[in-house]
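Residue numbers (my numbering), protein chains in the order written: chain B, 1 to 477; chain S, 478 to 572.
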Amino acid sequence: MKWEPVIGLEVHAQLLTKSKIFSAASTRYGAAPNTQACAVDIGLPGVLPVMNIEAARMAVKLGLAIGATINRQSVFARKNYFYPDLPKGYQISQYELPVVEQGHLTIEVDGREKTVGITRAHLEEDAGKSLHEDFHGMTGIDLNRASTPLLEIVSEPDMRSAKEAVAYLKKLHELVRYLEICDGNMQEGSFRCDANVSVRPKGREQLGTRSELKNINSFKFIDKAIDYEIERQIDVLEGGGKVVQETRLYDAAKGVTRPMRSKEEANDYRYFPDPDLPPLVLDDAFIEDVRKTLPELPEAKRARFVQDYGLSAYDAGVLTSTREMADYYEQAVEAANADPKLVANWVIGDLSGYLNKENKEIADSPITVEMLAGLIRRIADKTISGKIAKDVFDAMWNEQGDADTIIENKGLRQITDEGAIEKLIDEVLANSPTQVEQYKSGQEKVFGYFVGRVMKASKGKANPQQVNKILKAKLPG
Amino acid sequence: MSLDKDTVEKIAHLARLQLNEQELQAYTDSLSQILGLIEQMNAVDTTGVAPMAHPQDTVLRLREDRIEETDQREKFQRISPATEAGLYLVPKVIE
Numbered sequence: 001m002k003w004e005p006v007i008g009l010e011v012h013a014q015l016l017t018k019s020k021i022f023s024a025a026s027t028r029y030g031a032a033p034n035t036q037a038c039a040v041d042i043g044l045p046g047v048l049p050v051m052n053i054e055a056a057r058m059a060v061k062l063g064l065a066i067g068a069t070i071n072r073q074s075v076f077a078r079k080n081y082f083y084p085d086l087p088k089g090y091q092i093s094q095y096e097l098p099v100v101e102q103g104h105l106t107i108e109v110d111g112r113e114k115t116v117g118i119t120r121a122h123l124e125e126d127a128g129k130s131l132h133e134d135f136h137g138m139t140g141i142d143l144n145r146a147s148t149p150l151l152e153i154v155s156e157p158d159m160r161s162a163k164e165a166v167a168y169l170k171k172l173h174e175l176v177r178y179l180e181i182c183d184g185n186m187q188e189g190s191f192r193c194d195a196n197v198s199v200r201p202k203g204r205e206q207l208g209t210r211s212e213l214k215n216i217n218s219f220k221f222i223d224k225a226i227d228y229e230i231e232r233q234i235d236v237l238e239g240g241g242k243v244v245q246e247t248r249l250y251d252a253a254k255g256v257t258r259p260m261r262s263k264e265e266a267n268d269y270r271y272f273p274d275p276d277l278p279p280l281v282l283d284d285a286f287i288e289d290v291r292k293t294l295p296e297l298p299e300a301k302r303a304r305f306v307q308d309y310g311l312s313a314y315d316a317g318v319l320t321s322t323r324e325m326a327d328y329y330e331q332a333v334e335a336a337n338a339d340p341k342l343v344a345n346w347v348i349g350d351l352s353g354y355l356n357k358e359n360k361e362i363a364d365s366p367i368t369v370e371m372l373a374g375l376i377r378r379i380a381d382k383t384i385s386g387k388i389a390k391d392v393f394d395a396m397w398n399e400q401g402d403a404d405t406i407i408e409n410k411g412l413r414q415i416t417d418e419g420a421i422e423k424l425i426d427e428v429l430a431n432s433p434t435q436v437e438q439y440k441s442g443q444e445k446v447f448g449y450f451v452g453r454v455m456k457a458s459k460g461k462a463n464p465q466q467v468n469k470i471l472k473a474k475l476p477g
Numbered sequence: 478m479s480l481d482k483d484t485v486e487k488i489a490h491l492a493r494l495q496l497n498e499q500e501l502q503a504y505t506d507s508l509s510q511i512l513g514l515i516e517q518m519n520a521v522d523t524t525g526v527a528p529m530a531h532p533q534d535t536v537l538r539l540r541e542d543r544i545e546e547t548d549q550r551e552k553f554q555r556i557s558p559a560t561e562a563g564l565y566l567v568p569k570v571i572e
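Pasting the structure below:
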């Protein structure tokens, strides 16, 4: 039987507000335990939540970017369960009336476009963290994260392969960073993903029983975890068994999913509207103000890069993968006043290569826009060759100054003086009588040998086109 | 509408309430009465009445995104039964 996987994703994006969603405590990551957990966050009696306007703006921003309906009125509800990192005994979330509903994202897989529906995006507060290392047989609780704003973005079960799920997730990740509503840091847990996976016989309308995969906190593992789960469910069904609806954890070390200990009645959250919080009402003016803050979105930017800079769709895609890289590129093109394709090659090639190697973001690049532009100007005006430019780039990366300083200090200026090149060629030819004889007897591949020797004699500085031209003229043939 | 004891036991468990046999009976009776009242209200024709999310006809007040809280960990932890390295300690949670 042919099986068809059905996948839906739930993403929790931590919003980049300065203070928490329902209190004025800081959301900064990495502070000493419980130093950013105020009376509201730890649920002391008598406290009341007061909502952060910025969290509402950010939710609306996402809603507008995915073409969704922004609900003029949405309602906060209490999701009740007991866990030590949730001191109130409930999480404030949205249930029946979320702030954002019915949007979509377009993904591209194997050259084909596909629209993935987004059912809803709702605002909620995060819980604290449990530290399970041994504290004399006890568990440590850090409530700094409690009440940090989250936007939970729930997709329709529209994806049919792990590949599509990854494409959707990458698209969403790119979008929240473009919108500057989430830093997308998966290691620190600011962008977390759960996947609902089921399989059904191909052609059948009715959905199979799903399992929920939790704890997929790296792009590297998402397709592996989903593929494993698809295979597992197919094996169960083909073996005559039934898939159980359950929550499973992905174990990255072993590459398998395994069931979480099922908490008794874990799903009976008894949602009800939070009496502390009247409805969140957003008027048209509020929404229009947010609309004005929308940046150029990735797709529009990509199209513009192809159109305005004559880049390939691929290059434009790489350069617009983050807003920072796109800005860097555009500023470099302007500063260098050079062929945009040449600038693109340097940003996508050497710069990205060095950044990846040292695991740096473009914002932390030791080579500023102005420095890269300075280097490219010297390539464009033929002061240095593309090959020497790579050495200059390396020196700039290692903080030896800007391109002009390095070219001057290391004497890297390209030799374009015909007389000087001629002199180098004469010397090489005089010192290679055997090769000259070989060339004369028709072995034309020796030509490359001469070019190599001349370039070496010039320490790579001779203009290669001129070397070729003059050498051809000097050799008999 | 009346609730059975099993349902009340389940609700009590979800709320982490321990009820003895006498209390269980008392809650079963009074919760059933509350449900009866709700049933009575359900019978009212509410066609054309917009549902309310909150008993007060008011909207959520929003505050600007500013950090105004300071670190009061020491104060808060003074009333905590066990702390270590800035953490609240609780009986081991096994996941």
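Glycine included, C-beta positions come from ideal geometry on N, C-alpha and C.
These numbers were taken from a predicted model, which means no experiment stands behind them.
Using the beta-carbon of each residue, which ones in chain S are nearer than 8 angstroms to residue i?
{"i": "P38 of chain B", "result": "Sequence check: residue 38 of chain B is Cys here, not Pro. Residues of chain S passing the Cβ test: E546 and Q549."}
{"i": "I42 of chain B", "result": "F553"}
{"i": "S26 of chain B", "result": "I544 and E546"}
{"i": "V281 of chain B", "result": "V536 and L537"}
{"i": "I141 of chain B", "result": "L564, Y565, L566 and V567"}
{"i": "T322 of chain B", "result": "Within chain S, no residue comes near T322 of chain B; the closest Cβ sits about 24 angstroms away, beyond 8 angstroms."}
{"i": "P5 of chain B", "result": "Within 8 angstroms Cβ-Cβ: nothing; P5 of chain B doesn't reach chain S, min ~28 angstroms."}
Between the options, which lies nearest to residue i when the distance is taken from Cα to Cα?
{"i": "Y228 of chain B", "options": "B:A252, B:G241, B:G208 and B:S218", "result": "B:A252"}
{"i": "E108 of chain B", "options": "B:Y168, B:I7, B:A363 and B:P295", "result": "B:Y168"}
{"i": "R200 of chain B", "options": "B:D404, B:M1, B:K474 and B:D426", "result": "B:M1"}
{"i": "Y565 of chain S", "options": "B:I421, B:P340, B:T139 and B:V47", "result": "B:T139"}
{"i": "F221 of chain B", "options": "B:E205, B:E238, B:Q206 and B:Q187", "result": "B:Q187"}
{"i": "A195 of chain B", "options": "B:L143, B:E212 and B:E205", "result": "B:E212"}
{"i": "Q502 of chain S", "options": "S:S557, S:V521, S:L491 and S:K482", "result": "S:K482"}
{"i": "L466 of chain B", "options": "B:G43, B:D417 and B:R378", "result": "The amino acid occupying residue 466 of chain B in the given sequence is Gln; Leu does not appear at that position. The candidate whose alpha carbon is nearest that of Q466 of chain B is B:D417."}
{"i": "R112 of chain B", "options": "B:T27, B:G310, B:K301 and B:E164", "result": "B:E164"}
{"i": "R192 of chain B", "options": "B:I425, B:S198, B:V176 and B:K202", "result": "B:V176"}
{"i": "P568 of chain S", "options": "B:H136, B:S147 and B:L9", "result": "B:H136"}
{"i": "V75 of chain B", "options": "B:L86, B:P98 and B:T69", "result": "B:P98"}
{"i": "E180 of chain B", "options": "B:A55, B:K129, B:A162 and B:D85", "result": "B:A55"}
{"i": "V392 of chain B", "options": "B:I234, B:E422, B:D350 and B:L424", "result": "B:D350"}
{"i": "E479 of chain S", "options": "S:E500, S:V570, S:L514 and S:T535", "result": "Going by the sequence as given, residue 479 of chain S is Ser instead of Glu. Answer by Cα proximity: S:L514."}
{"i": "T119 of chain B", "options": "B:R291, B:L44 and B:N71", "result": "B:N71"}
{"i": "I216 of chain B", "options": "B:R210, B:K224 and B:R270", "result": "B:K224"}
{"i": "Q245 of chain B", "options": "B:T322, B:I407, B:S218 and B:R258", "result": "B:R258"}
{"i": "L131 of chain B", "options": "B:E4, B:G89 and B:D85", "result": "B:D85"}
{"i": "L537 of chain S", "options": "B:K114, B:L44, B:P273 and B:A32", "result": "B:P273"}
{"i": "N345 of chain B", "options": "B:L44, B:R57 and B:L375", "result": "B:L375"}
{"i": "E408 of chain B", "options": "B:I388, B:G419 and B:K423", "result": "B:I388"}
Which residues in chain B have a C-beta closer than 8 angstroms to the C-beta of residue i? List them in chain order.
{"i": "L491 of chain S", "result": "N80, E265, D268 and R270"}
Using a Cβ cut-off of 9 angstroms, pull out every chain S residue sitting near residue i, in sequence order please.
{"i": "G189 of chain B", "result": "Here the premise fails: no neighbours, minimum Cβ distance about 16 angstroms."}
{"i": "P278 of chain B", "result": "A530, H531, Q533, D534, T535, V536, L537 and R538"}
{"i": "N34 of chain B", "result": "D548, R550, F553, Q554, T560, G563, L564 and Y565"}
How far does the alpha helix (DSSP H) with residue i in it extend, from its first residue to its last?
{"i": "M455 of chain B", "result": "V446 to A457"}
{"i": "A338 of chain B", "result": "Counting along the chain, A338 of chain B falls outside any alpha helix (DSSP H), and DSSP gives it neither H nor E."}
{"i": "V387 of chain B", "result": "Sequence inspection shows Lys at residue 387 of chain B; the Val mentioned does not correspond to that position. Here the alpha helix (DSSP H) through K387 of chain B covers G386 to W397."}
List the residues of chain S that residue i touches, going by C-beta distances under 7 angstroms, in chain order.
{"i": "S211 of chain B", "result": "Chain S residues near S211 of chain B: none, gap ~17 angstroms exceeds 7 angstroms."}
{"i": "L131 of chain B", "result": "L564"}
Residue i lies in the beta strand (DSSP E); which residues open and close that run?
{"i": "L150 of chain B", "result": "P149 to S155"}
{"i": "D142 of chain B", "result": "M138 to D142"}
{"i": "K114 of chain B", "result": "R112 to E125"}
{"i": "S93 of chain B", "result": "Y90 to Q94"}
{"i": "A194 of chain B", "result": "For clarity, residue 194 of chain B is Asp in the given sequence; the question names Ala instead. Taken as a continuous stretch (DSSP letters only), the beta strand (DSSP E) holding D194 of chain B covers F191 to P201."}
{"i": "Q14 of chain B", "result": "W3 to Q14"}
{"i": "N80 of chain B", "result": "F76 to N80"}
{"i": "T106 of chain B", "result": "V100 to V109"}
Under 8 angstroms, with one C-beta from each stretch per pair, do the region 549 to 564 of chain S and the region 36 to 55 of chain B reach the 3-pair mark? Touching, per the Cβ criterion.
Given a limit of 9 angstroms on CB to CB distance, which residues of the region 557 to 570 of chain S reach chain C? Looking at the structure shown, chain C is missing, and the protein chains on hand are B and S.
Can you pull out the residues from the region 523 to 540 of chain S whose beta carbon lies closer than 8 angstroms to at least one beta carbon of chain B? When CB distances to chain B are screened at a threshold of 8 angstroms, the residues of the region 523 to 540 of chain S falling below it are A530, H531, P532, Q533, T535, V536, L537, R538, L539 and R540, in chain order.
Which of the residues in the region 337 to 361 of chain B, read from start to end, lie with their CB under 7 angstroms from any CB of chain S? From the region 337 to 361 of chain B, no residue has a Cβ closer than 7 angstroms to chain S.
Can at least three beta-carbon pairs, one atom from the region 283 to 298 of chain B and one from the region 97 to 108 of chain B, be found at a separation below 8 angstroms? With contact defined as three or more Cβ pairs closer than 8 angstroms, the region 283 to 298 of chain B and the region 97 to 108 of chain B are not in contact.
Looking at C-beta atoms only, is the number of pairs between the region 127 to 143 of chain B and the region 156 to 167 of chain B that lie closer than 8 angstroms three or more? No, because fewer than three Cβ pairs between the region 127 to 143 of chain B and the region 156 to 167 of chain B fall closer than 8 angstroms, the two stretches do not touch.
Okay, do the region 61 to 79 of chain B and the region 96 to 103 of chain B touch, 3+ Cβ pairs below 8 angstroms being the bar? Yes: at least three Cβ pairs fall under 8 angstroms.
Is the number of C-beta pairs between the region 400 to 419 of chain B and the region 435 to 451 of chain B that are closer than 8 angstroms three or more? Because the criterion of three Cβ pairs below 8 angstroms is not met, the region 400 to 419 of chain B and the region 435 to 451 of chain B do not touch.
Touch check for the region 354 to 368 of chain B and the region 324 to 331 of chain B: three-plus C-beta pairs under 8 angstroms? Touching, yes.
So, does the region 527 to 543 of chain S touch the region 5 to 21 of chain B, judging by three or more C-beta pairs under 8 angstroms? Yes, they touch.
Check whether the region 446 to 458 of chain B and the region 393 to 412 of chain B are in contact - that is, three or more C-beta pairs closer than 8 angstroms. No, the region 446 to 458 of chain B does not touch the region 393 to 412 of chain B.
For the region 49 to 60 of chain B, which residues have a beta carbon sitting closer than 7 angstroms to at least one beta carbon of chain S? Cβ contacts with chain S come from V50, M51, N52, I53, E54 and A56.
Interfacial residues, the region 82 to 111 of chain B to chain S, with Cβ spacing under 9 angstroms: Under the 9 angstroms Cβ criterion, the region 82 to 111 of chain B contributes F82, Y83, P84, D85, P87, G89, E96 and L97.
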